[in-house]
Amino acid sequence: MAVMNIREAIASTLYSEMERDENIIVLGEDVVGGNGTAGGPEAIGGIWGTTPGLWAKFGPDRVIDTPISESAIIGAAAGAALCGKRPVAELMFADFVGVSLDQLWNQMAKFRYMFGGKTKCPAVVRLIYGAGMQTAAQHSQSVYAMLTAIPGLKVVLPTTPADAKGLLTEALRGDDPVMFFEHKTLYGVKGEVPDGEYRQPFGQARVVREGGDVTVVACGRMVSFSEKAADKLAADGVGVDLLDLRTTSPMDEDAIIESVEQTGRLVIVDESPPRCSLAADIAAMVTERAFTSIKAPPAMVTGPHSPIPFSRTLERAWVPSPQKIEDAVRRVLGFR
Amino acid sequence: MAVMNIREAIASTLYSEMERDENIIVLGEDVVGGNGTAGGPEAIGGIWGTTPGLWAKFGPDRVIDTPISESAIIGAAAGAALCGKRPVAELMFADFVGVSLDQLWNQMAKFRYMFGGKTKCPAVVRLIYGAGMQTAAQHSQSVYAMLTAIPGLKVVLPTTPADAKGLLTEALRGDDPVMFFEHKTLYGVKGEVPDGEYRQPFGQARVVREGGDVTVVACGRMVSFSEKAADKLAADGVGVDLLDLRTTSPMDEDAIIESVEQTGRLVIVDESPPRCSLAADIAAMVTERAFTSIKAPPAMVTGPHSPIPFSRTLERAWVPSPQKIEDAVRRVLGFR
Amino acid sequence: MQLNRDELLQAYRQMATIRTFEERLHDEIKTGEIAGFTHLYAGQEAVAVGICEQLTHADKIVSTHRGHGHCIAKGCDVKGMMKEIYGRAGGLCKGRGGSMHIADLDVGMLGANGIVGGGAPQAVGAAIALRLEGKGSVGIAFSGDGACNQGTTFEAMNLASVTKVPAIFVFENNHYSEHTGDAYAVGTDKDIASRAEAFGIKSWRANGCDFFDVFSVFGELLEYVRAGNGPAAIELDTERFYGHFEGDPQRYRGKGELDRIRDERDCLKAFRARVTEGALLADADLDAIDAEVAQLIEEAVAEARADAMPDNDTVADDVYVNYY
Amino acid sequence: MQLNRDELLQAYRQMATIRTFEERLHDEIKTGEIAGFTHLYAGQEAVAVGICEQLTHADKIVSTHRGHGHCIAKGCDVKGMMKEIYGRAGGLCKGRGGSMHIADLDVGMLGANGIVGGGAPQAVGAAIALRLEGKGSVGIAFSGDGACNQGTTFEAMNLASVTKVPAIFVFENNHYSEHTGDAYAVGTDKDIASRAEAFGIKSWRANGCDFFDVFSVFGELLEYVRAGNGPAAIELDTERFYGHFEGDPQRYRGKGELDRIRDERDCLKAFRARVTEGALLADADLDAIDAEVAQLIEEAVAEARADAMPDNDTVADDVYVNYY
Ligand SMILES: Cc1ncc(C[n+]2csc(CCOP(=O)(O)OP(=O)(O)O)c2C)c(N)n1
Ligand SMILES: Cc1ncc(C[n+]2csc(CCOP(=O)(O)OP(=O)(O)O)c2C)c(N)n1
Ligand SMILES: [Mg+2]
Ligand SMILES: [Mg+2]
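Chains as they are written, first to last, in my numbering: chain A, 1 to 336; chain B, 1001 to 1336; chain C, 2001 to 2324; chain D, 3001 to 3324.
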């Protein structure tokens, strides 16, 4: 097993999968970089460093820099996927779903259903998301709830290098459109990554730790925040079952229910505003499926009903913190 | 009080409000109709018949036909609103949020917050939505959950002519961006409409009926479906508290909680797919706020996790039906 | 441009099939059996057929809300289409799509589209894919004079221009987007093709009511694109014989306009005149095709009516290839 | 074009303020005190100032992610801006917006924008509003050579063309969108302005590193638009002196490119040479302004550093004017 960070896990998986399958193509803004400049192609790759060397190895017909036109990027990916390719399209920031939603929602996601099940659209869209770098209201959002709500899309959020490899491989081998969310603060997270072919099936939550007193469900950056909270709680003798969802569509409802049936108490941590959120989705699902098991109302730790502010202190106040998670756990434990 | 249908209530409110306030302007595709044709402007107004006579009365600078470019429509509304106008922009189908989301979500909704509270953006966006006319997967969706989730927007869904007038007037007098949803199957619904100035404040649910045994919360077309279910249940001696939300952002949480505290049982009817839906939002909120009062898990009656099909029978199978609502009520009543 | 007898017969058959299909729908819709939005292609047949007759199944097209003509011209099964529009289980898309969402990938028809402008980027994606195949196949986006104003259409042209892929933008200018004239909504001093040219895309123009003109001009364009010269565009001046959708009172039309375009701009009449005058085909040849087509459409309607409605249990099928 | 002494001094002061503001930020960012994305406008000052000096507060502009220059040129308070970029409570937007979201409606600055292409439709909306006022005011969208490819920009141009409102599209071509050259990403045989012309929009071109050229060409354009002739566009050939954002290693630049543009394309140097050679102003006049500006920026940084961070309790304030 090699040790690498999430950025490297994504870059190397893209590279090796493209070597394996000539139908995989990559497109996005500056995924090559340097086109049309004195420095030439790959003078600088994408700003996230996840696509280096692809152009040199696989050439300009498979690794395509696009103008700033996200609808065209996603639409082209959709069209290429209908024609038997496996495009990997990059949205440099997940917030750019705003300028490309139609192609995700009304096109890519619906083709197979509308066309009577005769088509498939195996496109992977990589979306870089999340707060924590003071990128302010239009570059910090966690758009996964909006896309989880859309029938026809799968939604994936790796939090470890191994999962980044396993889930991306799975996305590239599957036949449905996959929204692959990469949290901008997690790129540097290091860990062991299995060598060779490695797939992580969707719809299987990762049990981060077992504690038995309370269930905490999280995804993305909120997993590590929940671990911090769990550490503090463990010091006080409170044992947390922590689940990293890995994928929100499909979602591992059974793993959540199983844990809640034992603990009777649930905290959901969701880096997004509260309304019609993933937190609400899970709270409602658990209440429906495990009503007689829950001893307290599921607690939802989310941001407030506001955009994400720029200022360092305000941004921190906006994002769910380990402290708020800890408080929520204590609240549900104390509920009578 | 005059008797009119919802279409007429909207058309006459637009007209009289434009007479009152010269800052109100209207823009959208074919809101005039006939521009650039032999028939000339207003040969045919919009396909919904909600803007007749505006062009003739208020002129081409206030009533503007646009090319097919929804991002430009919403963006122009946002810009005009920042400059002191009160634009009313029409999205001929709410599904076209797909091609205009950025201007709604990252622009209009966020200006005031991002700019430190010094600006206001009093734009009204009219969105024609909903299933029931076999308009298939891209022309039938109920997009209110997606917009309810967005901090900065208000979301309004009238179901009676009186509310259409009252809520539209309120939208046009307020200072925040309002998403005004008009269900395409409800335009013909008739009712009494108060004469003269009439405002319906946001965030106040309408008590459609009181029954005491179970709470049913609905919006849009689902209100009348719920009434049908309630009629059948009443015949069996089951009394339904039926709430029409009127607005989902802000939402009248208190009215819901108050009823649930009495009935202990809740059914939410939501014409949309289930994930991260308004139904889940309400179920989670009620579980959180009224955990000790609820005697059964809140039931969510939604469409399935699929796009909306074209075929008459399939579309009916997709949309929550009076029968399914009735079944859900019986289920929550039978829960032990 | 040299079309042999069989090719001429086939072209006429295709145009006649579209016309008859659409005119029949126009009547059937009045019975109330067909709901939703049905946008008829009648009047524009020369465009779809003049173009698609030069394509193979390896070439891909992306269509619009007014897609029946493109579907038939590209080779979709006519009976399957009729069933689809009737919302039947045996429809080309199992009744789930309806008039605005007919697709058949086997013949290179990637889909009609209810979102105006939705298809253009997809055609560029198809062209990206087809360039990799290296066989000279092309990706084609049909767009109207309304759709040419949607941001996606411009983005698609720019992306095609930059990537130099074999994408073709076909602009069917029938002079109306719903109830608005192109004279109003298309911002330009010149025409739609000139806007494509501004992207560095070589553009052609043709009479969209004249099969032979479409065929020859598009033929030249196609040769250019198949040769690897990058994208191209063509604007076709054409006519819509019916309303925007069925039920449209068409008060935006000029006095006598409908009569005039039926008289002077009917591509089927023009085709017949040309081939009979030139003694390429006889009236009887065409009449025979008319009869066959009438029979086909008659059967299509009868079979559609007789077909079962989809099973309610299938309502949430086929959302994914596999979900769990 | 006749600029009097005061006007020349003012123009220089504005350009020098932008330059000093940006160069100081370039240094401050290295200290780690300023996070998020900061896109510096240095090099392009002649554009913002050459345009905004001809506007009043009644004219509205919509800016980009690279907005500091437009803000200063339009009259935003420099100290308030600095505090904003430092994320302080006293910032122009209370620290909530940051570098990419500075606005001040009182001076007609409708907002910087983190979404490339987001502003263009809003400028058309402003122009719709301003036409109603009937005072000849204009709505201006600043866009880059990258933003000119976004669908919204095209839609905005078409809408302006169709509605004939007083909207102005200013295309600042600094030849890069992030790390990609305009030679690659702008699909055209000609230039960005020619694409605007294809929409029937009268277009101009100017040297964006020469204040006097910008001023006079834009002056002509402005007269045209104020007179009610409808929208207009201008493309400015300009240079970005720093990386796309701070931290960009700029390996896409040619050998010696940064030196060359600093040498040959510096609008401040050119301005100084022109006004001193022409004896319109003396070096000492300009030096005095440089000193004042240096002082202002020094104070701005000191005050920003000293200002309080926003109160955590305000995190969800001002989402609505009133919610319940
Ligand atoms: C994004 C979007 N906006 C608006 C519509 C509504 N609509 C359907 S067809 C149409 C007019 C299209 O005009 P054109 O492109 O010229 O095609 P034609 O109808 O003439 O074939 C409009 C506005 C839509 N379906 N999608
Ligand atoms: C919709 C959108 N796509 C992509 C980006 C990322 N991005 C920010 S600036 C930029 C380049 C913009 O280039 P240009 O318009 O030329 O402006 P410049 O940076 O040269 O001032 C890109 C791609 C964005 N912010 N918004
Ligand atoms: Mg048309
Ligand atoms: Mg640039």
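Note that CB positions come from ideal geometry on N, CA and C, so glycine has one too.
Note that the coordinates shown come from a computational prediction; the quantities given were computed from them, not determined experimentally.
Self-check item: Residue burial classification, C:Tyr2324 (beta-carbon count within 10 angstroms, cutoff 16)
Solution: As a position in the third sequence, residue 2324 of chain C is number 324, starting the count at 1. That one is exposed.
Quiz item: For C:Ala2167, which residues of its own chain have a beta-carbon under 6 Å away from its beta-carbon, when the five flanking residues on both sides are left out?
Solution: On the third sequence, residue 2167 of chain C is found 167 positions in, with the first residue counted as 1. Correct list, in chain order: Ala2123, Val2124, Ala2127, Gly2139, Ala2160 and Pro2231.
Quiz item: Could one say the Cβ of B:His1305 lies closer than 9 Å to chain A's Cβ atoms, at least one of them?
Solution: If you number the second sequence from 1, residue 1305 of chain B lands on position 305. Chain A, which has a Cβ nearer than 9 Å to the Cβ of B:His1305, makes this yes.
Quiz item: Does A:Trp318 get closer than 9 Å to chain D when you measure Cβ to Cβ?
Solution: For the purposes of this step, residue 318 of chain A is taken as residue 318 along the first sequence, with counting starting at 1. Proximity of A:Trp318 to chain D, defined by a Cβ-Cβ separation below 9 Å, is satisfied.
Quiz prompt | Contact with chain B by C:Tyr2041, beta-carbon distance below 9 Å | solution = The residue given as residue 2041 of chain C occupies position 41 in the third sequence. No - not a single Cβ of chain B is within 9 Å of the one on C:Tyr2041.
Quiz item: What residues from chain A crowd round D:Met3100, counting only those whose CB sits closer than 9 Å?
Solution: Mapped onto the fourth sequence, residue 3100 of chain D falls at position 100. Under the 9 Å cutoff, chain A gives Thr135, Ala136, Ala137, Gln138, His139 and Phe310.
Quiz prompt | Listed by chain order, chain C residues near A:Arg112 by CB distance under 9 Å | solution = Position 112 of the first sequence, counted from the start, is the residue given in the question as residue 112 of chain A. Here the neighbours are Asp2318, Val2319, Tyr2320 and Val2321.
Quiz prompt | Whole-Å CB distance - A:Thr13 paired with A:Leu168, under 8 Å assumed | solution = Against the first sequence, residue 13 of chain A aligns to sequence position 13. Against the first sequence, residue 168 of chain A aligns to sequence position 168. About 5 Å separates the two Cβ atoms, so the contact holds.
Exercise. Determine which residues of the stretch 2222-2242 of chain C have a Cβ less than 9 Å from any Cβ of chain B, and write them out in chain order.
Key: So the list is empty, because no residue satisfies the distance condition.
Quiz prompt | Sequence-distant residues of its chain with Cβ nearer than 7 Å to B:Gly1203 (five each side left out) | solution = In the second sequence, the residue the question calls residue 1203 of chain B occupies position 203. Listed in chain order, the non-local C-beta contacts of B:Gly1203 below 7 Å within the same chain comprise Thr1247, Pro1250, Met1251 and Asp1252, local neighbours out to five positions each way being set aside.
Quiz item: What are the residues of the stretch 2156-2188 of chain C that lie near chain B, defined by any Cβ-Cβ distance shorter than 9 Å?
Solution: Per Cβ criterion, the list reads His2175, Tyr2176, Ser2177, Glu2178, His2179, Thr2180, Gly2181, Asp2182, Ala2183, Tyr2184, Ala2185, Val2186 and Gly2187.
Self-check item: D:Asn3174 beta carbon near ligand 4 (any heavy atom closer than 8 Å)
Solution: In the fourth sequence, residue 3174 of chain D corresponds to position 174, counting from 1. Yes, the Cβ of D:Asn3174 comes within 8 Å of a heavy atom of ligand 4.
Quiz item: Should C:Gly2325 be listed as close to ligand 3, given that the test is whether its C-beta is under 8 Å from any heavy atom?
Solution: In the structure as shown, chain C starts at 2001 and stops at 2324, and residue 2325 of chain C therefore has no counterpart that could be examined.
Quiz item: Which partner residues does A:His183 have in the DSSP bridge list?
Solution: Your numbering for residue 183 of chain A matches position 183 in the first sequence. According to DSSP, A:His183 bridges with A:Tyr129.
Quiz item: Taking the beta strand (DSSP E) that D:Leu3236 falls in, what are its first and last residues?
Solution: In the fourth sequence, the residue the question calls residue 3236 of chain D occupies position 236. Annotation for D:Leu3236: the continuous beta strand (DSSP E) segment containing it runs Ala3232 to Asp3237.
Self-check item: Residue-chain proximity (B:Pro1087, chain D), Cβ-Cβ < 9 Å
Solution: Counted from its first residue, the second sequence places residue 1087 of chain B at position 87. Chain D places a beta carbon closer than 9 Å to that of B:Pro1087, counting this residue as a contact.
Self-check item: Opposing strand residues paired with C:Ser2143 [DSSP bridges]
Solution: What you label residue 2143 of chain C is simply residue 143 of the third sequence in a count that begins at 1. DSSP lists C:Phe2171 as partners of C:Ser2143.
Quiz item: Relative to chain C, which residues along the stretch 1055-1072 of chain B have a C-beta separation below 9 Å, given in chain order?
Solution: Of all residues in the stretch 1055-1072 of chain B, only Asp1065, Thr1066, Pro1067, Ile1068, Ser1069, Glu1070, Ser1071 and Ala1072 place a beta-carbon less than 9 Å from a beta-carbon of chain C.
Practice problem: Indicate, with yes or no, if ligand 4 has a heavy atom lying under 8 Å from the CB of D:Ser3063. | Solution: The residue you call residue 3063 of chain D lines up with position 63 of the fourth sequence. Result no, Cβ not under 8 Å from ligand 4.
Practice problem: Quick one: list the residues of chain C neighbouring A:Gln200, beta-carbon separation under 7 Å, in chain order. | Solution: Translated into the one-based positions of the first sequence, residue 200 of chain A becomes position 200. Close to A:Gln200, with beta-carbon spacing below 7 Å, lies no residue of chain C; the smallest spacing is near 14 Å.
Quiz item: Cβ of D:Cys3076 versus every heavy atom of ligand 2: is any distance shorter than 8 Å?
Solution: Position 76 of the fourth sequence holds residue 3076 of chain D. Distances between the C-beta of D:Cys3076 and the heavy atoms of ligand 2 are all 8 Å or more.
Quiz item: Any chance the CB of A:Glu29 is under 8 Å from a heavy atom of ligand 2?
Solution: The sequence position of residue 29 of chain A within the first sequence is 29, counting from 1. The answer is yes for A:Glu29.
Quiz item: How close, in whole Å, do the beta carbons of C:Ala2233 and C:Phe2142 come, if the pair is a contact with beta carbons under 8 Å?
Solution: Here residue 2233 of chain C corresponds to residue number 233 of the third sequence, with the count starting at 1. Here residue 2142 of chain C corresponds to residue number 142 of the third sequence, with the count starting at 1. About 12 Å; that fails the 8 Å criterion.
Quiz item: Closest to D:Glu3155 by CA distance: which of B:Gln1141, B:Thr1159 and B:Val1099 is it?
Solution: As a working note, residue 3155 of chain D is residue 155 in the fourth sequence. Comparing Cα-Cα distances from D:Glu3155 to each of B:Gln1141, B:Thr1159 and B:Val1099, the minimum goes to B:Val1099.
Quiz prompt | Nearest to B:Cys1219 (by Cα), restricted to the options B:Leu1082, B:Val1269, B:Asp1030 and B:Arg1316 | solution = Taking the second sequence and counting its residues from 1, one reaches residue 1219 of chain B at position 219. Out of B:Leu1082, B:Val1269, B:Asp1030 and B:Arg1316, B:Val1269 has the C-alpha closest to the C-alpha of B:Cys1219.
Quiz prompt | Within the stretch 213-285 of chain A, ranges of the beta strand (DSSP E) (whole runs, at least 3 residues) | solution = For the stretch 213-285 of chain A, whole beta strand (DSSP E) runs of length 3 or above, ordered along the chain, are 214-218, 240-244, 247-249 and 266-269.
Quiz item: Quick one: is A:Asp252 near chain B, going by C-beta distance under 9 Å?
Solution: Locating residue 252 of chain A in the first sequence gives position 252, counting from the first residue. For A:Asp252, no CB of chain B lies under 9 Å from its own CB, so it is not counted at the interface with that chain.
Practice problem: Please compile the residues from chain C whose C-beta is within a distance smaller than 7 Å of the C-beta of A:Gly84. | Solution: Counting from 1 along the first sequence, the entry for residue 84 of chain A is found at position 84. Close partners of A:Gly84 in chain C (Cβ separation under 7 Å): Ala2129.
Quiz item: alpha helix (DSSP H) containing C:Leu2025: first to last residue?
Solution: Locating residue 2025 of chain C in the third sequence gives position 25, counting from the first residue. That run of the alpha helix (DSSP H) goes Arg2005 to Lys2030.
Exercise. Could you spell out where the beta strand (DSSP E) holding D:Ile3061 opens and where it closes?
Key: If you number the fourth sequence from 1, residue 3061 of chain D lands on position 61. Run containing D:Ile3061: Lys3060 to Val3062, per the beta strand (DSSP E) assignment.
Quiz item: If you drop the 5 nearest sequence neighbours on each side, which residues of the same chain put their C-beta closer than 8 Å to that of B:Tyr1198?
Solution: Working through the second sequence from its first residue, we reach residue 1198 of chain B at position 198. Once the five neighbours on either side are set aside, the close Cβ partners of B:Tyr1198 are Ala1162, Lys1165, Gly1166 and Thr1169.
Self-check item: Reduced DSSP category for D:Thr3276 - H, G, I as helix; E, B as strand; rest coil
Solution: Translated into positions along the fourth sequence, residue 3276 of chain D becomes position 276. In the three-state DSSP reduction, D:Thr3276 falls in the helix class (H, G or I).
Quiz item: Among the residues of its own chain, which have a CB less than 7 Å from the CB of B:Leu1186, if the five just before and after it don't count?
Solution: Mapped onto the second sequence, residue 1186 of chain B falls at position 186. So the list reads Ile1006, Thr1159 and Arg1221, once near-sequence residues are dropped.
Practice problem: May I ask you to check if the CB of A:Gly334 is nearer than 8 Å to at least one heavy atom of ligand 4? | Solution: Stepping through the first sequence from its first residue, residue 334 of chain A is reached at position 334. For ligand 4, not one heavy atom lies less than 8 Å from the Cβ of A:Gly334.
Quiz item: How far does the beta strand (DSSP E) with D:Asp3370 in it reach, from first residue to last?
Solution: A query on residue 3370 of chain D cannot be resolved here, the shown segment of chain D reaching from 3001 to 3324 and no further.
Quiz prompt | Min CB distance C:Ile2115 to chain G below 9 Å | solution = Annotation note: the requested chain G is absent from the structure, which comprises protein chains A, B, C and D.
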